[in-house]
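Structure first, then comments.
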Amino acid sequence: MAKPAQVTFPGQKQRMRMRGTKHANDATAKRLGRQLRLLLEDPDACLPTMTWKGRLSWGRKDPVSKTLKDLKKIVANKNNTSWLSKRMLAKRGDPVGKALAGSLHAAHDSDITIVGNFKSPNFGIGSFIRRGDGKQGYLAGLQNHHNLTLRLLPWEDHARKGMFFFSWEGGFVCTGPDPTPPAGWLEDVLERSRFDFKHEQVGGTDVFVAGEIDASDVLNGVPSNEGWVRLTFRHGPIVGIDLQSLRATGEKESAFVHHLALSMLPPLLMSVVDIDAMWIPMGWSPEDALPKSAHEGMGKLVAGWHGLTVPEGSLSMACQRAVLDSLESGLLLGSSWCEGSSIEEILTALSGMAGADDEKALAAGVFLHAMQHATEGIRIDPRGGLREREGSIIEVMEGASLSDTVNALWEENGLAGLEHIGIDGDEADIIWKQQLKKPKPLKNFLKSLGTAREKAQKKAKFPFSKEQISGPTGSIHDLILTGLLEGPGIAERIATSRHDGIDESAAGWSWLCAAGRSSGQDWHFESLARDRGGAWMEATKVLLKAGKNLLESEDADRTEFIEALNNLHTATGQQDPLPSL
279 MAKPAQVTFP GQKQRMRMRG TKHANDATAK RLGRQLRLLL EDPDACLPTM
329 TWKGRLSWGR KDPVSKTLKD LKKIVANKNN TSWLSKRMLA KRGDPVGKAL
379 AGSLHAAHDS DITIVGNFKS PNFGIGSFIR RGDGKQGYLA GLQNHHNLTL
429 RLLPWEDHAR KGMFFFSWEG GFVCTGPDPT PPAGWLEDVL ERSRFDFKHE
479 QVGGTDVFVA GEIDASDVLN GVPSNEGWVR LTFRHGPIVG IDLQSLRATG
529 EKESAFVHHL ALSMLPPLLM SVVDIDAMWI PMGWSPEDAL PKSAHEGMGK
579 LVAGWHGLTV PEGSLSMACQ RAVLDSLESG LLLGSSWCEG SSIEEILTAL
629 SGMAGADDEK ALAAGVFLHA MQHATEGIRI DPRGGLRERE GSIIEVMEGA
679 SLSDTVNALW EENGLAGLEH IGIDGDEADI IWKQQLKKPK PLKNFLKSLG
729 TAREKAQKKA KFPFSKEQIS GPTGSIHDLI LTGLLEGPGI AERIATSRHD
779 GIDESAAGWS WLCAAGRSSG QDWHFESLAR DRGGAWMEAT KVLLKAGKNL
829 LESEDADRTE FIEALNNLHT ATGQQDPLPS L
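Everything in the sequence shown is counted per our numbering, starting at 279 for the first residue and increasing by one.
Structure, rendered in C-alpha cells:
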C-alpha cells in the first residue's frame, strides 16, 4: 500500500539524502553493524601486518610502518568519539588514518539507516557509512575488512610507492618492497578459485595442477596433447592448468589471473610469477621441438591473457591455432599431424575422420601425391575451399569432410589417387575428367565407380576421344562414339540439332543413314547437306561396323578401326590431318 502523503510547513527542515547513498535494508544494516563492531573490538586484526624489517635507501623508513604507527594513536582513542571527530576531519594527516577514525566513529552508531554504495570494477562493491573526510574507497575497505579484495584498497597509495600487500583467508600482510608472497597465500588463492587443484611434491617442488595433466610434465616442461598453462612463482611453487579447463570459462566469469592478481597489491602478477603455455598436436613427438614461431605466438597470447585482452575461454583455441600456423611441413588433419611420407602413415592419420575404408584409401593416394609435389602450403577450409598458407604443409581444417578435401585437391592429384586404388592409364584419365567436370560426393563417386570404370574401359579401347579430331571426320567419329557408348538416341538428338555449317550438318545426316535412323529426319537438313552426307555414308558405315567390332572384341585391336577412319578422312576430302597416335 502506498505511503500517505507528507505535509510540510514553511520553515520546516527536510532531511536530504546525499548522492551515492541509499537506505540500508535490514540485512545490510546487520552485516555492516557486525563488521563495525569487530573493527571496534580489535582494529589491529583488520590492518596489515608488516613482515619486512629492512630499511629503504639512505636509511629511510618505509611508508607503511609510518602509517601503521599513526594508526596506533587512532586505535588508542577508538572510544573517544570527540577525538575521532576531530581526527576524521583534520586538514592534515594520513588519508588511511582519516578513514579509520571515521569508521571507528561510525562503529559507535546505534542505528544504521543511510549507507554509501561503493562500486569498483576491480575491487568489487560494498556498503559503508560515510563519516569524515576519508576517501570513499578507504572507508569501504576498512569497514568491509572481511572482503579479501576490498580491504586492500586503502593501501593503494602505499602500493604505488613500491610496497607489496597480500590478502588471503589466513592473513593480511605487507612484505615491503619484496614481492615474495607469504606462506599460505598461494594455497588459499588456489582453494578459492573455480578450479580443482591437486597438490603434489615433485623433486622437492610444490606443484599444483588442475585438469588432466601430469604434475611432473608441467614441472619439466614436457609438451602434451592436452596442453597447459604454467605459472612459475619466483618463490618456488608451480601451478599448471590444462587448456581444456580454461576453455570451459564462461564469458561473464572472471579470468583466473584476474582472481590471482586481486589477491595482492599492486596487482602486478609478473613481479611474482612467470607464465608460459605449451601444446602439441596429436602425432607430434614430445621429443621434437616446436618451431620458434610457435613459442612466440603462445607467448603473446599468454601476455594477452595476463593483460585481460585475450578472453580466458578463447586462450585454448588461440594457443592451438598459434602452434598449427607455425608448422611448415607434413599433413595436418584438424589438430592431428603426421609427416605424411607413406600411405600407411596417412591412413593411420585418417582413422579419426569419418568415411569408409575405400574413401580413405583414395584420399591417402591424393594426399601423398599432393605432399610430394607441393611447392607451397595449402589450407582446406570447412567448406572445402582452397587457401594458401606458409610452408609446404597441407592442412585440413576442423569441419571439412573427406569428400570436400579430395574434391579440393582432385585437379592436381586425382589421377594419383585413382592409381593408388588400382585404376590407371586411359581408364583413369576418363574417370578423372568426369569427376573434375561434375564433382560427386566421395561416397557416391566410389559407389558409381564400377559403372564409371566399365564406361572408361570401353572409351579406352578407341584410339581417339571425342572432340580430339576436327572437321567432318571428327563430327562423324564423335557421333559414332556417342551412339556406341551412350546410346543411339543421344547421338540422334545431337545429329538432328541445329548445326553451324554444311559439313557438320552433312556429318549428322551421314551418321543417321549409316545407323539406319534417317527415316523422317530429312526435314532437319538442307538438300546440299543430304547430298554431301550421302556421299560419305558408305565410309561411315564401315567405321561404325569397325567401332562395334572393337567394342565387342577382347584383344582391343584397333587396326580395323584406324583403317576405316583413314578411309572416312579420304572420303570427306578433309585437308586437316588426323592426330598422331
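Cβ coordinates follow ideal geometry from the N, Cα and C atoms, glycine included. Just so it is clear, the structure is predicted and the values come from calculations on it, not from any experiment.
List, from N- to C-terminal side, the alpha helix (DSSP H) runs of 4 residues or more that fit wholly inside the segment 335 to 362. As summarised for the segment 335 to 362, the continuous alpha helix (DSSP H) elements at least 4 residues long and confined to that stretch are 341 to 354, given in chain order.
To which residues does DSSP link residue 506 through a beta bridge? Your numbering for residue 506 matches position 228 in the sequence shown. DSSP output for residue 506 lists 520, 556 as bridge partner(s).
On the DSSP bridge list, what partners appear for residue 446? The residue given as residue 446 occupies position 168 in the sequence shown. According to DSSP, which records beta bridges pairwise, residue 446 is partnered with 449.
Using a Cβ-Cβ cutoff of less than 6 Å, which residues in the same chain neighbour residue 786 once the five nearest sequence positions on both sides are dropped? Walking along the sequence shown from the start, residue 786 turns up at place 508. Excluding positions up to five away in sequence, the list reads 773.
Please state whether the Cβ-Cβ distance between residue 762 and residue 825 is less than 8 Å. On the sequence shown, residue 762 is found 484 positions in, with the first residue counted as 1. On the sequence shown, residue 825 is found 547 positions in, with the first residue counted as 1. Residue 825 is positioned such that its CB atom lies closer than 8 Å to that of residue 762.
Beta-carbon gap between residue 480 and residue 464 smaller than 8 Å: On the sequence shown, position 202 is the one that residue 480 refers to. On the sequence shown, position 186 is the one that residue 464 refers to. Going by C-beta atoms, residue 480 is not nearer than 8 Å to residue 464.
Compute the Euclidean distance between the alpha carbons of residue 277 and residue 846, then round it to the nearest angstrom. Because residue 277 is not part of the residues shown, which for the chain are 279 to 859, the question remains open.
Alpha-carbon to alpha-carbon, residue 666 and residue 654: The residue given as residue 654 occupies position 376 in the sequence shown. The residue given as residue 666 occupies position 388 in the sequence shown. Going from the Cα of residue 654 to the Cα of residue 666 covers about 7 Å.
Any alpha helix (DSSP H) of 4 or more consecutive residues that is wholly inside the segment 779 to 842: Runs of alpha helix (DSSP H) with 4 or more residues, each lying fully within the segment 779 to 842, are found at 780 to 792, 805 to 813, 815 to 830, listed in chain order.
Residue range of the unbroken alpha helix (DSSP H) whose run includes residue 757: In the sequence shown, residue 757 corresponds to position 479, counting from 1. Residue range 749 to 763 is occupied by the alpha helix (DSSP H) that includes residue 757.
Taking buried to mean at least 16 other C-beta atoms within 10 Å of its own C-beta, is residue 369 buried or exposed? Within the sequence shown, residue 369 is the residue found at index 91, counting from 1. By the neighbour-count definition (other C-beta atoms within 10 Å, threshold 16), residue 369 is an exposed residue.
Hey, would you say residue 405 sits closer than 8 Å to residue 302, going by beta carbons? Taking the first residue of the sequence shown as position 1, residue 405 is located at position 127. Taking the first residue of the sequence shown as position 1, residue 302 is located at position 24. A contact, by the Cβ cut-off of 8 Å.
For a quick check, are the C-beta atoms of residue 433 and residue 317 less than 8 Å apart? If you number the sequence shown from 1, residue 433 lands on position 155. If you number the sequence shown from 1, residue 317 lands on position 39. No; because the gap between Cβ atoms is not below 8 Å, this pair is not in contact.
Please say whether residue 631 and residue 602 have beta carbons closer to each other than 8 Å? In the sequence shown, the residue the question calls residue 602 occupies position 324. In the sequence shown, the residue the question calls residue 631 occupies position 353. No, they are not a contact pair.
Considering just the uninterrupted stretch of the alpha helix (DSSP H) at residue 488, what are its terminal residues? Reading the sequence shown from its first residue, position 210 is the one you call residue 488. No alpha helix (DSSP H) contains residue 488, which is instead part of the beta strand (DSSP E) from 483 to 488.
Are three or more beta carbon pairs between the segment 668 to 676 and the segment 642 to 656 nearer than 8 Å? The segment 668 to 676 vs the segment 642 to 656: in contact.
Rounded separation between residue 748 and residue 636 - CA only: Here residue 748 refers to the residue found at position 470 of the sequence shown. Here residue 636 refers to the residue found at position 358 of the sequence shown. Each residue's alpha carbon lies about 40 Å from the other.
According to DSSP, is residue 328 helix, strand or coil? Here residue 328 refers to the residue found at position 50 of the sequence shown. Here residue 328 sits in strand by DSSP.
Residues near residue 324 in its chain [Cβ-Cβ closer than 6 Å; skip 5 each side]: Residue 324 sits at position 46 when you count from the first residue of the sequence shown. Answer for residue 324: 317, 423, listed in chain order.
Residue from 583, 782, 416 with nearest C-alpha to residue 397: Residue numbering aside, residue 397 sits at position 119 when the sequence shown is read from its first letter. Among 583, 782, 416, the Cα nearest to that of residue 397 belongs to 416.
Could you tell me if residue 528 is buried or exposed, where buried requires 16 or more neighbouring beta carbons within 10 angstroms of its beta carbon? To locate residue 528, count along the sequence shown from 1; it is residue 250. The residue is exposed, with fewer than 16 neighbouring Cβ atoms inside 10 Å.
Backbone CA spacing between residue 913 and residue 771 [nearest angstrom]: Any answer about residue 913 is impossible in this case: the structure gives the chain only from 279 up to 859.
Residue 815 to residue 850 span [Cα, whole Å]: For the purposes of this step, residue 815 is taken as residue 537 along the sequence shown, with counting starting at 1. For the purposes of this step, residue 850 is taken as residue 572 along the sequence shown, with counting starting at 1. Their backbone Cα atoms lie some 10 Å apart in a straight line.
Do the segment 589 to 597 and the segment 507 to 524 make contact, defined as three or more Cβ pairs closer than 8 Å? The segment 589 to 597, when compared against the segment 507 to 524, does touch it at the 8 Å Cβ threshold.
Can the beta-carbon of residue 500 be found less than 8 Å from the beta-carbon of residue 436? As a position in the sequence shown, residue 500 is number 222, starting the count at 1. As a position in the sequence shown, residue 436 is number 158, starting the count at 1. Going by C-beta atoms, residue 500 is not nearer than 8 Å to residue 436.
Buried or exposed: residue 745, going by 16 or more other Cβ atoms within 10 Å of its Cβ? Translated into the one-based positions of the sequence shown, residue 745 becomes position 467. The residue is exposed, with fewer than 16 neighbouring Cβ atoms inside 10 Å.
Using three-state DSSP, classify residue 746 as helix, strand or coil. Numbered from its first residue, the sequence shown carries residue 746 at position 468. Correct three-state label for residue 746: coil.
Which of helix, strand or coil does DSSP assign to residue 279? Within the sequence shown, numbered from 1, the residue matching residue 279 stands at position 1. Per-residue confidence for residue 279 stands at a pLDDT of 49, beneath the threshold of 50, marking its modelled position as unreliable; the derived number appears in the next sentence. Residue state for residue 279 is assigned as coil, using DSSP reduced to three classes.
Closest Cα partner of residue 535 within the set 477, 588, 330: By one-based count along the sequence shown, residue 535 stands at place 257. When only C-alpha atoms are compared, the closest one is 588.
CB-CB length for residue 556 against residue 584, believed under 8 Å: In the sequence shown, residue 556 corresponds to position 278, counting from 1. In the sequence shown, residue 584 corresponds to position 306, counting from 1. Contact check for residue 556 and residue 584: beta-carbon distance about 16 Å, past the 8 Å limit, so the pair fails to qualify.
When you compare only the Cα positions, how much space is there between residue 677 and residue 307? Against the sequence shown, residue 677 aligns to sequence position 399. Against the sequence shown, residue 307 aligns to sequence position 29. Each residue's Cα considered, the two are about 57 Å apart.
When you compare the CB positions of residue 692 and residue 713, do they come within less than 8 Å of one another, or not? Within the sequence shown, residue 692 is the residue found at index 414, counting from 1. Within the sequence shown, residue 713 is the residue found at index 435, counting from 1. Cβ atoms of residue 692 and residue 713: closer than 8 Å.
Determine the burial state of residue 386: buried for a count of at least 16 other Cβ atoms within 10 Å of its Cβ, exposed for fewer. Locating residue 386 in the sequence shown gives position 108, counting from the first residue. Flag for residue 386 reads exposed.
For residue 404, the first and last residue of its enclosing beta strand (DSSP E): For the purposes of this step, residue 404 is taken as the residue at position 126 of the sequence shown. Here the beta strand (DSSP E) through residue 404 covers 402 to 406.
Answer with buried or exposed for residue 664, where buried requires no fewer than 16 other C-beta atoms within 10 angstroms of its C-beta. Counting from 1 along the sequence shown, the entry for residue 664 is found at position 386. Burial call: exposed.
Tell me which residues share the same chain as residue 279 and place their Cβ nearer than 7 Å to its Cβ, disregarding the 5 neighbours each side in the sequence. The count along the sequence shown starts at 1 and reaches residue 279 at position 1. Per-residue confidence for residue 279 stands at a pLDDT of 49, beneath the threshold of 50, marking its modelled position as unreliable; no derived number is given.
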